[in-house]
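In what follows, a single structure is set out as structure tokens and then discussed.
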Amino acid sequence: MIYCDTSYLVRLYLDDHGFQAVRELCAKQPVASAAHAQAELPAALHRAWREGRLQAEAFAALMEQFETDCSEGAFHWQPLTARLFAGMGALYRSLPSGTFLRAADALHLLCAASNGFTEAYSHDRHFLAAAPRFGLEGMDVIA
């Protein structure tokens, strides 16, 4: 099983840069992600519609496909526990002042590490740079 953040999950639905490589990777093994990606992915699809990269019909079809994929178990959603949230303050206190790390990415990284993953896939440079602080190897198959 591989751990993917939302930047990878969205490429399973949108033809964003690198989508072929991400789809090929994710077709080979089960995909896990933090539970909050269930909110981030629809938001990303809505953004694509809002920005005119998707027509209304395509947006509706992709939303329906994501909901079907979720109900059929296509993703292994990793829980966001109270303990994980409680660790956020300590995490940010431990980061150097120059570290840029969004809360959603920190949740992904904490979630991956706390569930025993050693690698986490993302196309976000800040996520990838922060991954070693969580004992993770940040991976990106997008050239």
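Residue numbers (the numbering used here): 12 to 154.
Where a beta carbon is used, it is the ideal one built from N, C-alpha and C, also for glycine.
With 16 or more neighbouring CB atoms inside 10 Å of its own CB, residue 149 falls in the buried class. Residue 149: not part of any alpha helix (DSSP H); member of the beta strand (DSSP E) spanning 148 to 150, first to last residue. By the beta-carbon neighbour count (other beta carbons within 10 angstroms, threshold 16), residue 26 is exposed.
DSSP places residue 44 within a strand segment (E or B) once states are collapsed to three. Approximately 6 Å separates the beta-carbon atoms of residue 133 and residue 19; this is inside 8 Å, confirming the contact. Listed in chain order, the alpha helix (DSSP H) runs fully inside the stretch 63 to 105 are 67 to 82, 93 to 97 and 99 to 105, counting runs of at least 4 residues. When the five nearest sequence neighbours on each side are left out, the beta carbons in the same chain lying within less than 6 Å of the beta carbon of residue 89 are those of 43, 45, 122 and 126, in order along the chain. In this structure, DSSP gives residue 131 an extended state, which the three-state scheme calls strand. Contact between the stretch 68 to 76 and the stretch 45 to 58 is present: 3 or more CB-CB pairs across the two stretches fall below 8 Å.
Counting along the chain, no alpha helix (DSSP H) covers residue 154, and no H or E run does either.
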